[in-house]
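First to last, the sequence lines map onto chains A and B. The first sequence: position 5 = 7 (the working numbering), numbered continuously. The second sequence: position 35 = 37 (the working numbering), numbered continuously. Everything below concerns the one structure shown next.
Number of protein chains: 2
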Amino acid sequence: MAAAKKNPRLMSNDALLQIARRFAVLAEPMRLRLLQSLFEGEMSVNELVEVTGGTQANVSRHLQTLAHAHLVSRRKEGLQVFYTISDPSIFRLCELVCGSLEQQLAQQAGAFAEGGRL
Amino acid sequence: MAAAKKNPRLMSNDALLQIARRFAVLAEPMRLRLLQSLFEGEMSVNELVEVTGGTQANVSRHLQTLAHAHLVSRRKEGLQVFYTISDPSIFRLCELVCGSLEQQLAQQAGAFAEGGRL
DNA sequence: AACTTATATGAGCATATGCTCATATAGAGA
DNA sequence: TCTCTATATGAGCATATGCTCATATAAGTT
Numbered sequence: 003m004a005a006a007k008k009n010p011r012l013m014s015n016d017a018l019l020q021i022a023r024r025f026a027v028l029a030e031p032m033r034l035r036l037l038q039s040l041f042e043g044e045m046s047v048n049e050l051v052e053v054t055g056g057t058q059a060n061v062s063r064h065l066q067t068l069a070h071a072h073l074v075s076r077r078k079e080g081l082q083v084f085y086t087i088s089d090p091s092i093f094r095l096c097e098l099v100c101g102s103l104e105q106q107l108a109q110q111a112g113a114f115a116e117g118g119r120l
Numbered sequence: 003m004a005a006a007k008k009n010p011r012l013m014s015n016d017a018l019l020q021i022a023r024r025f026a027v028l029a030e031p032m033r034l035r036l037l038q039s040l041f042e043g044e045m046s047v048n049e050l051v052e053v054t055g056g057t058q059a060n061v062s063r064h065l066q067t068l069a070h071a072h073l074v075s076r077r078k079e080g081l082q083v084f085y086t087i088s089d090p091s092i093f094r095l096c097e098l099v100c101g102s103l104e105q106q107l108a109q110q111a112g113a114f115a116e117g118g119r120l
């Protein structure tokens, strides 16, 4: 059982902090872009720099952040370092959020359409 | 289709920003605690203050943040304001993250166990 | 060893975010 | 109207985070 269900007892501060940290890692456009790029498969830092248009320093830093969160994994080969997505739950996570946002936008659009009817 | 699949084309900056913002809303222990409390059903601000142990000002602020993100909805009744979870995707989102974290911890525990074997 | 390429990181600035205190608003009741 | 209760919010401080520049490390090449 991951979380308390009916009991008013709450999760520990520590558990909440860990969950919050996980969400925080995903709360950055550049990191999301990196993850999205990696959806297609393993890539080197330089490739990611080119694809995302970010600076080398910044891309490297964000990759460290993702790696520390165990969302991606490193593989060194000669001069290059290749990163891959190592936590498949990310796919569903992004799908869920995208779906939820789409639905909200659809509702807003619907409201506009109705308003325009009069 | 929520996101590009095989095409190297990436999502728009704007879309990524919105997704990042959604994650950012969930990247706070107190907000997670509020959501978790609301899992059991509608609650007033004062009830949430008591349950979470936060200050009134802080709880109110966080509830505003959650409301702006359309994760919870307000209902005013007399002097009190009641909040409810309005986006069911949150349940699955938290389940996913919890599951992923549990798995990571299990792996770490496993590594420890193996190491202890020698 | 000297040079080049690929990646990581220290330092510093700018901005964002959370927290608290005090106060404002809003509704209910005397 | 005056007061009390419930909620929201402005101001200010402290901290965290992202970005860039410059430099460090590490590995391959000559």
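C-beta atoms are modelled at their ideal positions from N, C-alpha and C, and glycine is treated no differently.
Item to check | Under 8 Å between C-beta atoms of B/Leu73 and B/Ser88 | outcome: Less than 8 Å divides the Cβ of B/Leu73 from the Cβ of B/Ser88.
Item to check | Residues bridged to A/Thr57 (per DSSP) | outcome: Within the DSSP secondary-structure output, A/Thr57 pairs in no beta bridge.
Checklist entry - Does the beta-carbon of A/Glu30 have 16 or more other beta-carbons within 10 angstroms, so that it is buried, or is it exposed? => result With 16 or more neighbouring CB atoms inside 10 Å of its own CB, A/Glu30 falls in the buried class.
Checklist entry - Expressed to the nearest angstrom, what Euclidean distance is found between the alpha-carbon atoms of B/Ala59 and B/Gly80? => result Near 19 Å, if we compare the C-alpha coordinates of B/Gly80 and B/Ala59.
Checklist entry - With 8 Å set as the bound, which would you pick, yes or no: does the beta-carbon of B/Ala4 sit closer than that to a beta-carbon of chain A? => result For B/Ala4, the predicted model reports a pLDDT of 39, less than 50, meaning its position is unreliable and no value from the coordinates is stated.
Checklist entry - Which chain B residues are close to A/Ile87, counting only those with a beta carbon under 9 Å from its beta carbon? => result By Cβ distance, chain B contributes nothing, its closest Cβ being about 12 Å from A/Ile87, past 9 Å.
Item to check | Contact check, A/Leu36 vs A/His70, beta carbons under 8 Å | outcome: Taking the C-beta atoms as reference points, A/His70 is found no nearer than 8 Å to A/Leu36.
Checklist entry - Taking Cβ-Cβ distances shorter than 8 Å, what residues in chain B pair up with A/Met45? => result What A/Met45 touches in chain B, judged by beta-carbon distance under 8 Å, is nothing: the nearest beta carbon there is about 11 Å away.
Item to check | Rounded separation between A/Ala26 and B/Leu28 - CA only | outcome: Taking the straight line from one Cα to the other gives about 8 Å.
Item to check | Anticipated Cβ contact below 8 Å, B/Val83 with B/Arg76, distance rounded | outcome: Correct: roughly 6 Å between the Cβ atoms.
Checklist entry - Listing by chain order, which chain B residues have their CB less than 8 Å from the CB of A/Gly56? => result Residues of chain B with a Cβ closer than 8 Å to the Cβ of A/Gly56 do not exist, since the nearest Cβ in that chain sits about 12 Å away.
Item to check | Helix, strand or coil at B/Phe41 according to DSSP, with G and I counted as helix | outcome: Per DSSP, reduced to three states, the secondary structure at B/Phe41 is coil, with no helix or strand assignment.
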